[in-house]
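Participant:
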Amino acid sequence: IIHRLQPNASCYLLLRAYGSTEGEKNKELLDLTKPLLCHVKGCLTGEHGERHAMLAMELLMSDISDERVTRRVCSRRVLQEAFGGENDTLWLSQVINDKHSTVFVPLVVRAVSRACAYERGGVLSTYVLALSKYREFMQANDFDFVSSLCELINIRPHVFAEALKRFPELRRLCISEVKHAIEDAIAPNKADAPNDSTAVTILVNSQEYMLPGNLLGAFIVIMSNWQKGETTEESEENNIMALLKQLVTGEKDSVLSTAMRNGKRAVSVGEWVLLATANSDIIAKQAALSVPDIFLPRLLLCCGMSKTSLVTMIERLSKLGESVSDPSKLYNELLSTSAVSEWGLQKGNRITIKKRLHGRIASYLRIFSNAMTDGEQDELNTIERCAFVTWLASEVSTATVKKSDSTTRCFDEIMNSLNSSTSTSLDEESFIDLEDEEIDLSIGERIVIDTCASEGHTRRSADSILTEEFIKSTLTAGEYDLLVKSLEQIKNDAFLRKKEVDTSALVTALMNSYASSNCDHSLARVVLKFVPQLSQFSCDDTLWQAIFISMAEKSADEQYLLSLVSGCVTHWSEQGLNACKKWILTQNDLKNALSMRLVIRFLVASSEQESIDCFHSCDKFESNFVCVQSMENAEFAMKIVLQYLELEMTSDKLLLPTCNEERNNLPDWLILTFIIAKSHQQCIVAMIMGTIDSNSSCAPTMYYVLLRLYLTFPTTLQWNDSKVRNYLIEAAKCHAKTSLRLRCPLDSQIVEMLHNLGTSPHTRLLQYATDCSKNHSLIVIRHIPVLHERLMSDGLGQEHTTTGRVGTRPPAALAQIGDRVVKVSILRWGFSYNESIWSSVLDFMAALPAELLFTYGIDTGVLLVLEDYLKLFYVHVMELGSEECISQLRPKYVTLVKSFRACNSVEFQNWSHSNIAELNSSNVIAFEGWNI
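Position 267 of the sequence shown, counting from 1, maps to 267 under UniProt numbering, and the rest follow consecutively.
(1) Between which two residues does the alpha helix (DSSP H) holding glutamine 643 run?
(2) Are the stretch 819 to 827 and the stretch 838 to 845 touching, with three or more C-beta to C-beta distances below 8 angstroms?
(3) I'd like to know whether the C-beta atoms of residue 958 and alanine 524 end up nearer to each other than 8 angstroms.
(4) Do you know whose CA, among His776, Ile153, Phe873, Leu853, lies nearest glutamate 907's CA?
(5) Around the C-beta of glycine 795, are 16 or more other C-beta atoms found within 10 angstroms, so that it is buried, or is it exposed?
(6) Compare the beta carbon distance of proline 785 and leucine 864 with 8 angstroms and say whether it is the shorter of the two.
(7) Please go through the stretch 556 to 596 and give each complete alpha helix (DSSP H) segment of 4 or more residues, from N-terminal end onward.
(8) Which residue's Cα is closest to the Cα of valine 599: Ala546, Met631, Glu177, Ser573?
(9) Could you give the first and the last residue of the continuous beta strand (DSSP E) run that contains serine 832?
(10) Which residues share a DSSP beta bridge with glutamate 208?
(11) So for glutamine 80, helix, strand or coil by DSSP?
(12) Please report the residue range of the beta strand (DSSP E) in which isoleucine 817 lies.
(13) Can you tell me whether histidine 913 is buried or exposed? The criterion is at least 16 other CB atoms within 10 Å of its CB, across all chains shown.
(14) Ordered along the chain, which non-local residues of its own chain (more than five positions away) have a Cβ less than 6 angstroms from that of residue 933?
(15) Starting from arginine 743 and walking both ways along the beta strand (DSSP E), at which residues does that stretch end?
(16) Can you tell me the Cα-Cα spacing of phenylalanine 431 and aspartate 493, whole angstroms?
(17) When you compare the CB positions of phenylalanine 368 and lysine 285, do they come within less than 8 angstroms of one another, or not?
(18) For glutamate 438, does the count of other Cβ atoms within 10 angstroms reach 16, so buried, or fall short, so exposed?
(19) Quick check: what's the CA-CA separation for isoleucine 729 versus arginine 890?
(20) Assuming arginine 171 is part of the alpha helix (DSSP H), what are its boundary residues?
(21) Quick one, which of Asn756, Pro810, Glu469, Tyr704 has its alpha-carbon nearest leucine 787's?
(22) Which residue wins for smallest C-alpha separation from serine 679, given the options Ala634, Met687, Asp721?
(23) Would the stretch 149 to 165 and the stretch 115 to 135 be scored as touching if the rule is three or more Cβ pairs under 8 angstroms?
(24) Assign isoleucine 883 to buried or exposed, taking buried as 16 or more other Cβ atoms, counted over all protein chains shown, within 10 Å of its Cβ.
(25) Kindly indicate which three-state DSSP category valine 389 falls into: helix, strand or coil?
(26) Is it buried or exposed, valine 69, if we count other Cβ atoms within 10 angstroms and call 16 or more buried?
(27) Could you have a look at lysine 355 and say whether DSSP puts it in helix, strand or coil?
(28) Count the other CB atoms within 10 Å of the CB of cysteine 74; is the residue buried (16 or more) or exposed (fewer)?
(29) Per the DSSP calculation, arginine 261 is bridged to which residue(s)?
(30) To the nearest whole angstrom, what separates the beta carbons of isoleucine 676 and alanine 637, a pair I think is in contact under 8 angstroms?
(31) For the pair the stretch 734 to 751 and the stretch 811 to 819, tell me if three or more CB-CB distances fall below 8 angstroms.
(32) Applying the criterion that 16 or more other CB atoms from any shown protein chain within 10 Å of the CB defines a buried residue, is glycine 857 buried or exposed?
(33) Cα-Cα, which of Asp693, Asp184, Ala287 is closest to serine 254?
(34) Go ahead and pull the three-state DSSP assignment for lysine 228.
(35) If I measure Cβ to Cβ from leucine 247 and keep anything under 6 angstroms in the same chain, skipping five residues before and after, which residues do I get?
(36) Rounding to the nearest angstrom, what Cα-Cα distance links valine 604 and leucine 672 in this structure?
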């Protein structure tokens, strides 16, 4: 049976067997693969002809170059077993001797070349060496081995660096090929230049030559990783020295330093780093001698440089300084912004770069000094005294930014005052004893000493140190750093002595200074940072009055005040928050909308429940939130919301959430309303309806709030109350499109119910849907489009079962496909339908309140459902000519349409005289003779 298989099928089965058994774990399955292996081997060796050999080799080569490692391993194993050999790469040399080598070699070269992009280590080395043996084929087929090799080295430099170190034969091959390629490129009689956009222009003996970009990159990778060792042959070392002499050797005018690509330096700073940190000291030193002057400071920042390379670069920089009249100017130009931009490092100012350079050189000298003998220290001492290092040390030592004497003196006075106010409470003799004995106290011991109060001790308050006049003087002078440091000192002292430091006057002074500074943004950052932290130690009605009333009257920066309130909620204690909330509920002098918005933001942020997504539970909301602890508090909090809305309605601001914020990022006033309504729903609903009855300016907004309350709490809001129901119906009419984007906890349940109703209706399901439509009409009508989708799907007639279906199928057609005649089933929408589904949908819609279905439902998709029936009637009356198929549906539909006309005559007239898509004429023909 196996010999009857196609060779690619045998290869596929064998590859999958090797891949699934994971080597030798399953001996039995491997034994069964022996016949397959014999068949594959026969195909590859030509026993079954050249065509079979090609089919087998194509499949194996596709797996050899696959990016998945398991496929590559399995295919190598099959080739090893088929061609023989001790390892899984020896087959490469056997393919050349096969009698079908003329067709195998092109496949192998292309596949192995692609596989080199995935392999590493020994397999990569073997592939590269094997490709070098196929040179004759490559030359005949315009396949350049050296170009492919250089491209691989550039793409995978780290993998090749590891392979070059482990496999001497691969290293010798790469060095030899790169050397010969460079010699060919700079040959005197070289006529053709490489047609490559990455080609590099080099100068050799004042003559220009073109060098492929990949060849130059491969040269740098090989040179930076080469190191003389035990396996290094003389020819290999000679080739390296020849390459070094050709391209690297020379100061300022070496081939590498003058190489250009498209008018820019061809050798990047990263490649110079590789050469300067090369494994060979000879190569590293030559790189340090030939690197362009602009890159010398950058190379000094490298890690892992040899002493020879470091000394060479520092000596070059010193000689550069000695060759000009102003060395400092030259060195600063080497560290300028334009020069540093080519380094490829993070940007920094010149002072930072000088400090990094000085630190790196000092680290190198310290490392080399520890590893040297006394006789070798003179060389390092010479380096420390050279011009560049001396200049760098002097620049770093004088780079400290000094403050003005007046600022320093002012800051010292404040610090002395603060230190005197925070001195220990021990008696003078004990304190002197501690200073004389120089006892190093721990932090805990110092805190204990600081909190030991004595009767005769007096403490200066924070407001006596930082007054409003002092704050204004620092702002006038622009000394924000001085103000910040002073506040930091006071804050730290306050954290140690929470009960003894009074910061109320200081906090008030900060806020007053900001209010009178025309919204200074620098001062705003200071206030936002320190006022919440300092106010937690003096949380009283004076502070609350300043934040919620005074600041709202003086400042116009609304976002700043909201951020300030949020910061206070974060830092104040629970006792302070509760006290502030109780104070708010007793205030009747909130004079403007901003102060009310600040109060609302504070109440919401301190409620620990800022989302409405967790309000779906019917259980009573248990919380320590003051606003919901009593009916009176809830009413007062809701009055704040209503007063805020009335004040805001007089402006041009948009109070309702935008389209992107209807489900998330709700306004604070709406969140607070939901929080209160969770515990006092009847009270809040009554206040909302009272606001609507009073024709207040915020009455339209209250319709939206009432609708959202119902969608959030559908099981607890009193839908049976006629007054509530009428207001909800009116709210649904006003915000029909908006309500479709809102969420309700019953949505998934109702969608599933409607989907089942349109799939397999039965009596119990219809009764349940009818009851649900009476109790939650608003929510059900929002999902009417589900019925439209189900009716359109049923009308296609794709169901295989004929149970309950009415109508007929279009006659089958015959189609000619080649020499065969095929019978084709044609589906036309509406030719057959499930009568029970269409009848149940009409019964369900008839149970919905007509005043809601044909007003609110107009925007939710009721007309689409009515048009579905018209389309069905049109097909059976006008196209099929059989009214009997719709005799059960027509009376119910007529009753529903009459209800539509009686409830909303205007919309009915517009709809009845409109053209319906997919019908050839006006739908008025569907009403002829139906007594509508």
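C-beta atoms are modelled at their ideal positions from N, C-alpha and C, and glycine is treated no differently.
Facilitator: According to the data block:
(1) 631 to 649
(2) no
(3) In the structure displayed, the chain extends from 1 to 932; residue 958 sits before or after that span and is not available.
(4) Leu853
(5) buried
(6) yes
(7) 558 to 571, 574 to 584
(8) Ala546
(9) 832 to 834
(10) Leu203
(11) helix
(12) 813 to 817
(13) exposed
(14) Only positions 1 to 932 of the chain appear in this structure, which leaves residue 933 out of reach.
(15) Neither: arginine 743 is in no beta strand (DSSP E) and is coded neither H nor E.
(16) Only weak support exists for where phenylalanine 431 lies, its pLDDT of 33 falling under 50; the coordinates are left without a value.
(17) no
(18) At glutamate 438, the pLDDT of 37 sits below 50, so the modelled position is not reliable; the number obtained from the coordinates is stated separately. Exposed, because fewer than 16 other Cβ atoms sit within 10 Å of the Cβ of glutamate 438.
(19) 29 angstroms
(20) 168 to 185
(21) Asn756
(22) Ala634
(23) yes
(24) Reading off the sequence shown, one finds glutamate at residue 883, where the question assumed isoleucine. Glutamate 883 should be labelled exposed.
(25) helix
(26) exposed
(27) helix
(28) buried
(29) Lys264
(30) 6 angstroms
(31) no
(32) buried
(33) Ala287
(34) coil
(35) Val255, Leu256
(36) 6 angstroms
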